[in-house]
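I have placed the structure first, in the form of structure tokens, so that the comments after it can refer back to it.
Residue numbers (my numbering): 38 to 705.
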């Protein structure tokens, strides 16, 4: 028995770049999907593009999780079956020293209680765990890919339904995962992590990873095999297995011709990079609206390693096998005996015995290889290594299948106020995610105004009458995508003639076009008996402070405030001090709640000394030199303190970045 270790799952990254599918009108395949399993063992997910995957799952002692009755529904609503079943058929692990040759699926099993992990929530972040008899055996989650396709000039993200389980066999933890894309693509994935299984002393068959008498982690292969029981469309017995490659037309290799070979009998085939060989399974009768057979390509991605084992392992001699479906043919190797006709220890080469495939339910067996050369980083627990291949729909739909058109984005300009008989101009801004042309329309505009349909500019001369109007502006792209905004537009009086209508003037009886309202009480300063609200003026008692001329010190002055309440506004008054080269200083104010604002950033270069007050309503930015005693705006807004607790210690910090002495005389 191989020893057992606990699961260790590192974060998995996904890089997804695929094409997309859209509309089709094959009436014979729009039937409702009906699954042959109870609700507990169903997985259904609808994507934002309208596509959907439906399937059943079951737990077997050897194969682990098997997915069956797998249906894909296109964004336009066409539902077809893709698989009768998807299952792992073997994890074959031969070691380079020939000291062990494991067959983990058939001999140990991924689904038994002693090997299948009970997933914790930390194993399935942002996902849902599916249970079998009270045990969390599947993590189901949705992954958003980086990009899927360009619509116009905009990348549209794809969505992926990911389902995986975790099984520990010996020191290894295997993570069989299936990724079902919103485009119909499928990626069977295998992750392996945990601990190294075998060690030795001969560096020729591995790599030094630790001390002791057996310092070498022995290199080994992971040969992963899947059993793909395709049942495309409504008839399980009319699928055709094809090999497609591109053969050079001449010795110069400057042109190539496509070759398609349909297999009428069971076969074993190998990857051939020179001819760009791949395989597909197509339906013999069902087509898309253009008359092309619906099909799935089988694309090998991890082809850097290849295992050709000893004569006792002939199943390693090829990468792809196609056979008739037979229930007892479950594993690529070490298949158990069965009354249905399977002998003990049969492998897939025994299954490939020349039987005809026409009008039969066919099964594709697909394998990929990873040669694991241990690293020092694999101790004590290794990073996960991942292998996968891809199943991509071909001619499943007619024409390009784009994501639904994305409508324009339009900015709301907010409420508008104008005088009667005045000229006005308002630019409505909109953009289209796909850079399509936009047409603007408007309704409810005040009399005298109109909108330019090409650029969204509203302009004209108001009538002489007062009124309030509910304006609607729409932006429509060239494919009919539309968005709209609503806002009020008021034409009325301006008693103080400061250019601000009474309806929005915070001081309508006194001209104050700048609308300053220091205490934010809704009443402008010029009309407010207490323009700064209920303010408390406090002075520091721990000044002057001397800033050392040695090093780059920071000094602090603290105000202990006992008044209760919350901040509505803050001003810093009479901030004074002497310093040579004020550009070396930075000033920060920190509230009792810990909010910190850099009120004076290093500036003014070689100017000396400072004498000023700071407030968000100050007359101007901080001058250079920073003297004169006037109120100016801080480098960063003091409004950051709004809502903070008043009571407690307020701390002024001054940092000196050069070795020059100075004295802080006071702050408020």
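Idealized CB from N, CA, C, for every residue including glycine.
Given the structure is predicted, the values throughout are model-derived calculations rather than measurements.
Sub-8 Å separation of residue i and residue j beta-carbons
{"i": "residue 369", "j": "residue 262", "result": "yes"}
{"i": "residue 119", "j": "residue 109", "result": "yes"}
{"i": "residue 487", "j": "residue 507", "result": "no"}
{"i": "residue 634", "j": "residue 647", "result": "no"}
{"i": "residue 598", "j": "residue 687", "result": "yes"}
{"i": "residue 156", "j": "residue 174", "result": "yes"}
{"i": "residue 622", "j": "residue 691", "result": "yes"}
{"i": "residue 16", "j": "residue 409", "result": "The structure shown does not extend to residue 16, since the chain spans only 38 to 705, so no value can be given for it."}
{"i": "residue 477", "j": "residue 490", "result": "yes"}
{"i": "residue 600", "j": "residue 573", "result": "yes"}
{"i": "residue 338", "j": "residue 315", "result": "no"}
{"i": "residue 342", "j": "residue 130", "result": "no"}
{"i": "residue 154", "j": "residue 204", "result": "yes"}
{"i": "residue 244", "j": "residue 237", "result": "no"}
{"i": "residue 485", "j": "residue 465", "result": "no"}
Per-residue DSSP class, three states only, for residue i
{"i": "residue 368", "result": "coil"}
{"i": "residue 544", "result": "coil"}
{"i": "residue 290", "result": "coil"}
{"i": "residue 575", "result": "coil"}
{"i": "residue 269", "result": "coil"}
{"i": "residue 706", "result": "Residue 706 is absent from the model: the chain starts at 38 and stops at 705."}
{"i": "residue 122", "result": "strand"}
{"i": "residue 127", "result": "strand"}
{"i": "residue 462", "result": "strand"}
{"i": "residue 661", "result": "coil"}
{"i": "residue 161", "result": "coil"}
{"i": "residue 78", "result": "helix"}
{"i": "residue 195", "result": "coil"}
{"i": "residue 564", "result": "helix"}
{"i": "residue 353", "result": "helix"}
{"i": "residue 241", "result": "helix"}
{"i": "residue 414", "result": "helix"}
{"i": "residue 181", "result": "strand"}
{"i": "residue 60", "result": "Its pLDDT being 27, under 50, residue 60 is placed unreliably in this model, and the value from its coordinates should be taken loosely. Residue 60 falls in the coil class under three-state DSSP."}
{"i": "residue 311", "result": "helix"}
{"i": "residue 539", "result": "helix"}
{"i": "residue 260", "result": "strand"}
{"i": "residue 156", "result": "coil"}
N- and C-terminal bounds of the beta strand (DSSP E) containing residue i
{"i": "residue 693", "result": "685-693"}
{"i": "residue 648", "result": "647-652"}
{"i": "residue 678", "result": "No beta strand (DSSP E) contains residue 678, which DSSP labels as neither H nor E."}
{"i": "residue 358", "result": "357-361"}
{"i": "residue 106", "result": "101-110"}
{"i": "residue 480", "result": "475-480"}
{"i": "residue 526", "result": "519-528"}
{"i": "residue 284", "result": "276-285"}
{"i": "residue 491", "result": "No beta strand (DSSP E) contains residue 491, which DSSP labels as neither H nor E."}
{"i": "residue 430", "result": "419-431"}
{"i": "residue 611", "result": "608-616"}
{"i": "residue 320", "result": "315-324"}
{"i": "residue 409", "result": "399-409"}
{"i": "residue 514", "result": "504-514"}
{"i": "residue 96", "result": "89-97"}
Nearest-angstrom Cβ-Cβ length linking residue i and residue j, presumed shorter than 8 Å
{"i": "residue 609", "j": "residue 650", "result": "6 Å"}
{"i": "residue 419", "j": "residue 228", "result": "Going by Cβ atoms, the distance from residue 419 to residue 228 rounds to 11 Å, so no, they are not a contact pair."}
{"i": "residue 330", "j": "residue 320", "result": "6 Å"}
{"i": "residue 501", "j": "residue 462", "result": "Contact flag wrong, Cβ pair sits at about 19 Å."}
{"i": "residue 23", "j": "residue 428", "result": "In the structure as shown, the chain begins at 38 and stops at 705. Residue 23 is therefore absent and cannot be evaluated."}
{"i": "residue 359", "j": "residue 323", "result": "Their Cβ separation, rounded to whole angstroms, is 19 Å, which puts residue 359 and residue 323 out of contact at 8 Å."}
{"i": "residue 197", "j": "residue 179", "result": "7 Å"}
{"i": "residue 717", "j": "residue 98", "result": "The structure shown has nothing for residue 717, since the chain only spans 38 to 705."}
{"i": "residue 689", "j": "residue 594", "result": "5 Å"}
Residue i, enclosing alpha helix (DSSP H) - first and last residue
{"i": "residue 386", "result": "385-388"}
{"i": "residue 144", "result": "141-144"}
Any C-beta of chain C under 8 Å from that of residue i
{"i": "residue 636", "result": "Among the chains of the structure shown, chain C does not appear; only one protein chain is present."}
Specify whether the segment 368-383 and the segment 305-316 touch according to this definition: at least 3 beta carbon pairs, one from each stretch, less than 8 Å apart.
-> In this structure the segment 368-383 does not lie against the segment 305-316, because fewer than three pairs of beta carbons, one per stretch, are closer than 8 Å.
Specify whether the segment 659-676 and the segment 570-586 touch according to this definition: at least 3 beta carbon pairs, one from each stretch, less than 8 Å apart.
-> No: fewer than three Cβ pairs fall under 8 Å.
Pairing CB atoms from the segment 445-465 with CB atoms from the segment 419-428, are three or more of them under 8 Å?
-> Segments in contact, no.
Three or more beta-carbon pairs under 8 Å between the segment 351-369 and the segment 401-410, yes or no?
-> With the cut-off at 8 Å, the segment 351-369 and the segment 401-410 touch.
Quick one: any contact between the segment 389-398 and the segment 271-280, if contact means 3 or more CB pairs under 8 Å?
-> Under the Cβ criterion (8 Å, minimum of three pairs), the segment 389-398 counts as touching the segment 271-280.
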